[in-house]
Amino acid sequence: MKVKVSVPKGTRDFTPDVMLKRKYIFDTLEKNFRLFGYVPIETPALENLSTLLGKYGEEGDKLLFKILNSGLDNKIENKEIKDISNKGLRYDLTVPFARYVVQHRNEIIFPFKRYQIQPVWRADKPQKGRYREFYQCDIDVIGSNSLLNEVELILIINRVFSQLGINVTIKLNNRKILAGIAQKINAPEKLTDITIAIDKIEKIGLEKVKNELAQRGLSKEQIDELEPVLTLEGSNLEKTAFLKTYLEGIEEGEKGLEELLFVMDTLRETFPAVYNLIEFDTSLARGLNYYTGAILEVKANDVAIGSICGGGRYDNLTGIFGMDNVSGVGISFGADRIYDVMEQLNLFGNVADVPAKVLFINFGNEYLPHIYGYSETLRENGISNIIYPDNVKLKKQFDYANKNKIPFVIIIGENEVNNNTVALKNMQTGEQLELTLLQAIETIKND
RNA sequence: GUGGGCUUAGUUCAGUUUGGUUAGAACGCCAGAUUGUGGCUCUGGAGGUCACCGGUUCAAGUCCGGUAGUCCACCCCA
């Protein structure tokens, strides 16, 4: 009987051609992380629910995949959720990393620079560029307050995306500036409402944002005072100049502005090309509420898709696990979205690899001793090869080479064994030569 | 969580408007023409409980309801 098979909602299989492209992205990321001295860690797919709950806001808690305790299959009726589930799938890599730091604090050498490339799970409703299982590629520096870390993260972003061929804009803001603005209009407790509303300015326009702010309990006067921030335009320098006056006397806001300026000035002076990608954007808020300083988000210039990388500074993430005063800053690359962007812009080019360079034709077991010897010699020369496992019609074997885009076929039969040669056929040109093994290796290497 | 579109062969899709005998095409797959030479061509073949469950009807791929999946927008996010 035929069974209907499928993967669960919002998850995907990755076929070999897709995997080869994904690996190219992961390799590019990893290579650059290593160049800046980050070391890898991994954490379990499962975390205790107590680790995860309450870290992502109300919305995040709803999107957590909770795991049924084992051995309870038939007993779940009339039980509270907390009784039947005390584990969940990780929602991101940052919170598990905070847990990791607290748990391993005695072995870790601070400042600790780690990278982590693993899937995360969210019970979101899937749509374009949004999956229930997707990979995050995180780098964080923990145990250092220096703003040089922020600068470094931007340099890494630049290297990665220029190597991948994606034109990006790096949007930059600072949570302290947002807090300062909220103080300026006498609504510090409305910080979250304000950021959620102004985050939408590009999408829905000024008037609707003002309506939303009113709905969220801001007075007419407060909204009027906020308006110059909402409509703020111009170069980075013009914007910061405005805020310098606007936030004068508000300590937290001034501090945020100072931090932002340090990062931007450092880049402008030493990496002007990178600085050109930076856009100070007061409407950048980012949902997660654990950020305290710099926040940044990377957008692809040529494709309409959500952000492909984002992050920021969190002064006290480990505080929720009882370890205070450890500041961290990090970013997360969204590999799946980067893939979608590159696919849309046709940036993979010749990344896709072939399974092997050479296919050995199978004429029967009597030739195997020769073929095995040759095959090993090719491998020692770094040439990947496949011996066709069945002695079937040549048409089928050649077909196999064609379909897999294997560029060379080697035929060894009676003639070749007698002459101590191989017949090397180039599948693109159709040219076939009788050569010694060494000549064949040279030909393949020169291809 | 809210709203909308879609679901027919391995794949991409016709057919649904106006219910009516045996549901089609292209590509792919298998075999042969061609047993030491692939791509092209020709011939033949296999492959569908029309997503699932129920309803209306003499009759449902076609109409109605529900469920699931998928895509899109919103919310939120990578």
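At the far end of the first sequence sits residue 917, using this note's numbering, and the numbering has no gaps. We put the beta carbon where it would ideally sit given N, CA and C, even for glycine. Owing to the predicted nature of the structure, the values given are computational and were not obtained by experimental measurement.
Quiz item: What are the uninterrupted segments assigned as alpha helix (DSSP H) that are 4 or more residues long and contained completely in the stretch 604-650, given in chain order?
Solution: 618-634
Self-check item: Among Val892, Gly900 and Gln898, the one whose alpha carbon lies nearest that of Glu912
Solution: In the first sequence, the residue the question calls residue 912 occupies position 442. With distances taken between CA atoms, Glu912 lies nearest to Val892 out of Val892, Gly900 and Gln898.
Quiz prompt | Between the CA atoms of Gly507 and Asn544 - distance to the nearest angstrom | solution = One-based indexing of the first sequence puts residue 544 at position 74. One-based indexing of the first sequence puts residue 507 at position 37. Unreliable placement is indicated for Asn544, whose pLDDT of 48 sits below 50; the coordinate value is still reported in the next sentence. Each residue's alpha carbon lies about 50 Å from the other.
Quiz item: For Ile881 versus Ala910, is the C-beta distance shorter than 9 Å?
Solution: Within the first sequence, the letter at position 411 stands for residue 881. Within the first sequence, the letter at position 440 stands for residue 910. It is not a contact, given that the beta carbons lie outside the stated cut-off.
Quiz item: From this set, Val828, Gly804, Asp531 and Thr521, which residue's C-alpha is nearest Ile778's C-alpha?
Solution: Position 308 of the first sequence, counted from the first residue, corresponds to residue 778. Out of Val828, Gly804, Asp531 and Thr521, Gly804 has the C-alpha closest to the C-alpha of Ile778.
Exercise. Report the option in Phe741, Leu519 and Ile579 whose CA atom is closest to the CA atom of Ser555.
Key: The count along the first sequence starts at 1 and reaches residue 555 at position 85. The shortest C-alpha separation from Ser555 is found at Leu519.
Quiz prompt | Sub-9 Å separation of Ile775 and Val733 beta-carbons | solution = Locating residue 775 in the first sequence gives position 305, counting from the first residue. Locating residue 733 in the first sequence gives position 263, counting from the first residue. Taking 9 Å as the Cβ cut-off, Ile775 and Val733 do not qualify as a contacting pair.
Quiz prompt | Continuous beta strand (DSSP E) assignments of at least 3 residues falling wholly in the stretch 784-871 | solution = Within the stretch 784-871, complete beta strand (DSSP E) segments of at least 3 residues are found at 798-804, 828-830 and 855-857, given in chain order.
Quiz item: Are there three or more Cβ pairs, one per stretch, closer than 8 Å when the stretch 660-669 is compared with the stretch 839-846?
Solution: no
Self-check item: Pick from Ile579, Gly650, Gln606 and Asn628 that is closest to Phe496, judged by C-alpha positions
Solution: On the first sequence, position 26 is the one that residue 496 refers to. Considering only alpha carbons, the answer is Gln606.
Quiz prompt | Of the listed residues Asn890, Arg584, Arg600 and Arg686, nearest to Leu905 (C-alpha basis) | solution = Within the first sequence, the letter at position 435 stands for residue 905. Comparing Cα positions, the closest option is Asn890.
Quiz item: Is Ile626 near the ligand ADP, judged by its Cβ being under 8 Å from some heavy atom?
Solution: Annotation note on the ligand ADP: not contained in the displayed structure, which lists no ligands.
Exercise. Using a threshold of 9 Å, state whether the C-beta atoms of Arg686 and Tyr761 are closer than that.
Key: As a position in the first sequence, residue 686 is number 216, starting the count at 1. As a position in the first sequence, residue 761 is number 291, starting the count at 1. The answer is no: Cβ separation not under 9 Å.
Exercise. Express the C-alpha separation of Thr715 and Lys595 in angstroms, rounding to a whole number.
Key: In the first sequence, residue 595 corresponds to position 125, counting from 1. In the first sequence, residue 715 corresponds to position 245, counting from 1. Rounded to the nearest angstrom, the two C-alpha atoms are 44 Å apart.
Practice problem: Pick out whichever of Gly782, Asn816 and Phe712 has its Cα sitting closest to the Cα of Ile491. | Solution: On the first sequence, position 21 is the one that residue 491 refers to. What sits at residue 491 in the sequence shown is Lys, not Ile. Lys491 has its Cα closest to that of Asn816, out of Gly782, Asn816 and Phe712.
Exercise. Take Gln633 as the anchor and find which of Lys501, Asp562, Leu617 and Glu846 has the nearest alpha-carbon.
Key: For the purposes of this step, residue 633 is taken as the residue at position 163 of the first sequence. Nearest C-alpha to Gln633: Lys501.
Quiz item: From Ile587, Gln586 and Tyr601, pick the residue whose C-alpha is nearest to that of Ala593; which is it?
Solution: Within the first sequence, residue 593 is the residue found at index 123, counting from 1. Selected option, being the one with the closest Cα: Tyr601.
Practice problem: Report yes or no: do the stretch 717-724 and the stretch 687-706 share at least 3 C-beta pairs separated by less than 8 Å? | Solution: no
Quiz prompt | Rounded separation between Gly834 and Asn885 - CA only | solution = By 1-based counting over the first sequence, the position of residue 834 is 364. By 1-based counting over the first sequence, the position of residue 885 is 415. Going by the C-alpha atoms only, they are around 14 Å apart.
Practice problem: Write down the C-beta distance between Ile853 and Val828 rounded to the nearest angstrom, noting that I regard them as a contact closer than 8 Å. | Solution: For this step, residue 853 is matched to residue 383 along the first sequence. For this step, residue 828 is matched to residue 358 along the first sequence. Yes, they are in contact, since the Cβ atoms of Ile853 and Val828 sit about 6 Å apart, within 8 Å.
Exercise. Round the Cβ separation of Gly931 and Val611 to the nearest angstrom and send it over; I've been treating them as touching at under 8 Å.
Key: No answer is possible for residue 931: it lies beyond the span of the chain, which begins at 471 and ends at 917.
Self-check item: C-beta atoms of Thr740 and Val630 nearer than 9 Å
Solution: Residue 740 sits at position 270 when you count from the first residue of the first sequence. Residue 630 sits at position 160 when you count from the first residue of the first sequence. In this structure, Val630 does not lie closer than 9 Å to Thr740 by Cβ.
Quiz prompt | 4 or more residues per run - each alpha helix (DSSP H) lying fully within the stretch 709-740 | solution = You should have 721-740.
Quiz item: Leaving out the 5 sequence neighbours to the left and right, which residues in its chain are closer than 8 Å to Met471 when beta-carbon positions are compared?
Solution: Within the first sequence, the letter at position 1 stands for residue 471. Because Met471 sits at a pLDDT of 39, beneath the cut-off of 50, its placement in the model cannot be relied upon, and the point is left open.
Quiz item: Quick one: what does DSSP say Gln909 is sitting in, helix, strand or coil?
Solution: Here residue 909 refers to the residue found at position 439 when the first sequence is read from its first residue. Note: Gln909 maps to helix in three-state DSSP.
Quiz item: Exposed or buried, what is Glu708 when buried is set at 16 or more other beta-carbons lying within 10 Å of its beta-carbon?
Solution: Translated into the one-based positions of the first sequence, residue 708 becomes position 238. Exposed, because fewer than 16 other Cβ atoms sit within 10 Å of the Cβ of Glu708.
Quiz prompt | When Pro877, Gly900, Val796 and Asp487 are compared against Asn916, the one with the closest alpha-carbon | solution = As a working mapping, residue 916 is identified with position 446 in the first sequence. Of the candidates Pro877, Gly900, Val796 and Asp487, the one whose C-alpha sits nearest the C-alpha of Asn916 is Pro877.
Quiz item: With a CB to CB cut of under 8 Å and the five nearest residues on each side skipped, what residues in its chain are close to Pro478?
Solution: Within the first sequence, numbered from 1, the residue matching residue 478 stands at position 8. If we look at Pro478 and ignore the five residues flanking it on each side, its Cβ neighbours are Arg602.
Quiz item: Given Leu730, which residues of its chain have a CB within under 8 Å of its CB, disregarding the five upstream and five downstream residues?
Solution: Within the first sequence, residue 730 is the residue found at index 260, counting from 1. The residues are Leu642, Asn643, Asn644, Ile647, Thr710, Phe750 and Ala764.
Exercise. Assuming Thr521 and Arg584 form a contact by the criterion Cβ under 8 Å, report the distance between their Cβ atoms to the nearest whole angstrom.
Key: Taking the first residue of the first sequence as 1, we reach residue 521 at position 51. Taking the first residue of the first sequence as 1, we reach residue 584 at position 114. Actually they are not in contact, since the Cβ atoms of Thr521 and Arg584 sit about 17 Å apart, beyond 8 Å.
Self-check item: Buried versus exposed call for Val679 [16 or more other C-beta atoms within 10 Å across all chains shown]
Solution: Here the question's residue 679 lines up with position 209 in the first sequence. Buried: at least 16 other Cβ atoms inside 10 Å.
Quiz item: According to the neighbour-count rule (16 or more other Cβ atoms, all chains shown, within 10 Å of its Cβ), is Val475 buried or exposed?
Solution: Taking the first sequence and counting its residues from 1, one reaches residue 475 at position 5. Burial call: exposed.
Quiz prompt | Residue closest to Asn637, alpha-carbon to alpha-carbon, out of Ala652, Ile627, Asn771 and Ile587 | solution = Here residue 637 is taken as the residue at index 167 of the first sequence, counted from 1. The shortest C-alpha separation from Asn637 is found at Asn771.
Quiz item: For Glu695, which three-state DSSP category applies?
Solution: For the purposes of this step, residue 695 is identified with residue 225 of the first sequence, where counting begins at 1. If DSSP states are grouped into helix, strand and coil, Glu695 belongs with the helices.
Quiz item: From Phe791 to Val572, what does the alpha carbon distance come to, in whole angstroms?
Solution: Locating residue 791 in the first sequence gives position 321, where the first residue counts as 1. Locating residue 572 in the first sequence gives position 102, where the first residue counts as 1. Phe791 and Val572: Cα-Cα distance of roughly 7 Å.
Quiz item: When the distance is taken between beta carbons, is Glu722 closer than 9 Å to Ala649?
Solution: The residue you call residue 649 lines up with position 179 of the first sequence. The residue you call residue 722 lines up with position 252 of the first sequence. Taking 9 Å as the Cβ cut-off, Ala649 and Glu722 qualify as a contacting pair.
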